[in-house]
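Asker: Residue numbers (the working numbering): 13 to 445.
A virtual CB, placed ideally from N, CA and C, is assigned to each residue, including glycine.
My structure is below; once you've seen it, I'll send some questions.
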Ligand code: ACO
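Put into structure tokens, the structure is as follows:
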């Protein structure tokens, strides 16, 4: 038992149990409650896991009170400013920044796994043209399990690594194809001479009919957004990947589960919800009415893109991309058809930042408020926003999955419950009911 401990006493029976207090390298300590049920016959109750550390992890550190986010100890601000997608992906997966040789090897591996098996393309045809791209993502990523029987032994570290590489490499290709299917254009093959983000933009926006040049500003913006979205410790989708993986499901099935979880508007679906909300508002004259609805406790409406479960003072990612967002909007000419929408977004940001209700509850614009607007300014449609998030978060998902699978203490995740249903009763035949 560690030196520090917490004693829990049952006031009814007087029974006590001493539980070890575990320290991380930074952040709050955690009470190890593993023996609580065995020794005392009671469970802990924490809906939404507000006070529960579900695992040990060395990947990402968040301090919500002070707005700190670090990947493997590196502040997100430094990575956003100085790193690029594949370098940060290597860091998350392997624990340290790569040297030149490691990075060029990693880049070579990722770029040589970008193509999809030609028969995988048939899956897209099963979806109606207007299928939501996230529905396509869940289906197509899950179907990868059926293609790589050669490397699905999850007990083999090499198989795990190659599956992780395949996921990171193929995600942009799968995502861009879901967009092309949506708009009825031919799929564009990946180009290994382009950067990770440049290749994605090319697959999204080029056509076989005319030359397309990747806009460096768009590539830079995407690189930044992808780094910011890469990981966020035990968020809903990463926890979903871990829980799915804890039953020893294959990694593609686990990532498909993560994508499904990301889709919800309280998580990764928020960036799409932000733009849908702005479109619903129409113009700046309606902002006050929406703010009033957000404050009304009888109205379920919430301002999308505001608030965060962990960041209570500010979201450091939002702080980083706010400037990028404003820079992108400056590039959009005032007579652009999106102009009024962007004006609306800036007005909403201004009002919410100064409104007592939002200040009191520490509801600041989160990363999704700005990312949705940047994506829109880049010409990416609303229904692709969460897909963009999924591409970046895949690195976090595979890193968590690999960490979990490497943990000798790993066991199936199986929460308990506080049962509140009917107590034992006897079956009655239908005529007696
Ligand atoms: N608009 C209006 N009021 C809000 C909002 C909002 N966006 N968010 C929280 N509140 C209010 C709640 O009504 C509550 O008020 P009360 O104390 O008077 O009852 C208070 O703020 C606290 O809210 P909780 O729901 O307890 O906060 P929680 O931590 O559970 O939820 C969440 C966080 C889900 C992000 C929430 O703020 C929300 O729904 N935001 C909008 C959706 C969104 O932008 N999600 C993206 C999250 S970031 C990401 O996934 C990358």
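Tell me the rounded alpha-carbon separation between residue 283 and residue 401.
Answerer: Approximately 9 Å, taken between the alpha carbons.
Asker: Taking residue 401 as part of the alpha helix (DSSP H), name the residues at either end of that continuous run.
Answerer: Residues 397-418.
Asker: Within the same chain, show all residues whose beta-carbon is closer than 6 Å to that of residue 192, passing over the 5 residues directly before and after it, in chain order.
Answerer: Answer for residue 192: 199, listed in chain order.
Asker: Entirely within the segment 339-386 and at least 4 residues each: give me those alpha helix (DSSP H) ranges in chain order.
Answerer: Listed in chain order, they are 351-366, 368-372.
Asker: Any idea what DSSP makes of residue 17, helix, strand or coil?
Answerer: Three-state DSSP puts residue 17 in a strand.
Asker: So, under 8 Å CB-CB, residue 238 and residue 404 are touching, yes? Tell me the CB distance rounded to an integer number of Å.
Answerer: Going by Cβ atoms, the distance from residue 238 to residue 404 rounds to 4 Å, so yes, they are a contact pair.
Asker: In terms of residue numbering, what span does the alpha helix (DSSP H) encompassing residue 152 cover?
Answerer: Counting along the chain, the alpha helix (DSSP H) containing residue 152 begins and ends at 145-155.
Asker: Looking at residue 304 and the ligand ACO, is the gap between the Cβ and the nearest heavy atom below 8 Å?
Answerer: The answer is no for residue 304.
Asker: Taking residue 201 as part of the alpha helix (DSSP H), name the residues at either end of that continuous run.
Answerer: Careful: residue 201 lies outside any alpha helix (DSSP H) and carries neither H nor E.
Asker: Can we count residue 279 as close to the ligand ACO, meaning its CB is less than 8 Å from some heavy atom?
Answerer: The answer is yes for residue 279.
Asker: To the nearest angstrom, how far is it from the Cα of residue 210 to the Cα of residue 230?
Answerer: Each residue's Cα considered, the two are about 9 Å apart.
Asker: Report all residues from its chain with a CB closer than 6 Å to the CB of residue 89; omit the five preceding and five following residues, and keep chain order.
Answerer: Closer than 6 Å at Cβ, skipping near neighbours: no residue.
Asker: Flag this pair as touching only if the segment 221-229 and the segment 252-265 have three or more C-beta atom pairs under 8 Å; answer yes or no.
Answerer: The segment 221-229 is not in contact with the segment 252-265.
Asker: If you follow the alpha helix (DSSP H) that residue 252 is in, where does it begin and where does it stop?
Answerer: Taken as a continuous stretch (DSSP letters only), the alpha helix (DSSP H) holding residue 252 covers 248-258.
Asker: Note the first and the last residue of the continuous alpha helix (DSSP H) segment covering residue 231.
Answerer: Segment 228-241, the alpha helix (DSSP H) holding residue 231.
Asker: Who are the near neighbours of residue 44 in its chain, counting only those whose CB is closer than 7 Å to its CB and skipping five residues on each side?
Answerer: Only 31, 32, 34 meet the Cβ criterion.
Asker: I need the straight-line Cα distance from residue 9 to residue 410, nearest angstrom please.
Answerer: The chain is shown only over 13 to 445; residue 9 falls outside these bounds and no answer can be derived.
Asker: Hey, is the segment 180-194 in contact with the segment 158-166, meaning 3+ C-beta pairs nearer than 8 Å?
Answerer: Output reads no: the segment 158-166 does not touch the segment 180-194.
Asker: Looking only at its chain, what residues have a beta carbon closer than 6 Å to the beta carbon of residue 52, apart from the 5 residues adjacent to it on each side?
Answerer: Excluding residues within five positions, the ones whose Cβ falls inside 6 Å are 29.
Asker: Whole-angstrom Cβ separation of residue 333 and residue 383, contact assumed at under 8 Å?
Answerer: Indeed, because the Cβ distance is near 6 Å, the residues count as touching under 8 Å.
Asker: What is the residue span of the beta strand (DSSP E) that residue 75 lies within?
Answerer: 72-75 is the extent of the beta strand (DSSP E) around residue 75.
Asker: Find out if the Cβ-Cβ distance for the pair residue 406, residue 281 is shorter than 9 Å.
Answerer: Contact flag unset, no.
Asker: On the DSSP bridge assignment, give the partners of residue 318 in chain order.
Answerer: DSSP output for residue 318 lists 377 as bridge partner(s).
Asker: So if DSSP puts residue 43 in a beta bridge, which residue, or which two residues, is it bridged to?
Answerer: Paired residue(s): 33.
Asker: Please tell me whether residue 76 and residue 320 are closer than 9 Å, where the distance is taken between their beta carbons.
Answerer: Yes, Cβ-Cβ distance for residue 76 and residue 320 is below 9 Å.
Asker: For residue 42, which residues from the same chain have a beta carbon less than 7 Å from its beta carbon, with the 5 sequence-adjacent residues on both sides left out?
Answerer: If we look at residue 42 and ignore the five residues flanking it on each side, its Cβ neighbours are 34, 65.
Asker: For residue 264, count neighbouring Cβ atoms within 10 angstroms of its own Cβ and tell me buried if that reaches 16, exposed if not.
Answerer: Label assigned to residue 264: buried.
Asker: Which residue's Cα is closest to the Cα of residue 277: 290, 429, 316, 269?
Answerer: Ranking the options by Cα distance to residue 277, first place goes to 316.
Asker: Which of helix, strand or coil does DSSP assign to residue 109?
Answerer: DSSP places residue 109 in coil when its eight states are reduced to three.
Asker: Could you give the DSSP three-state label for residue 90: helix, strand or coil?
Answerer: Helix at residue 90.
Asker: Assign residue 1 to one of three DSSP states: helix, strand, or coil.
Answerer: Nothing about residue 1 can be reported from this structure: the residues present for the chain run from 13 to 445 only.
Asker: What does the alpha-carbon distance come out to for the pair residue 212 and residue 270?
Answerer: Roughly 21 Å separates the two Cα atoms.
Asker: Using the three-state DSSP reduction, which class does residue 24 fall into: helix, strand or coil?
Answerer: Coil at residue 24, not helix or strand.
Asker: The alpha helix (DSSP H) with residue 267 in it runs from where to where?
Answerer: From DSSP, the alpha helix (DSSP H) with residue 267 extends over 263-274.
Asker: Within 10 angstroms of its Cβ, does residue 302 collect 16 or more other Cβ (buried), or is it exposed?
Answerer: With 16 or more Cβ atoms within 10 Å of its Cβ, residue 302 is classed as buried.
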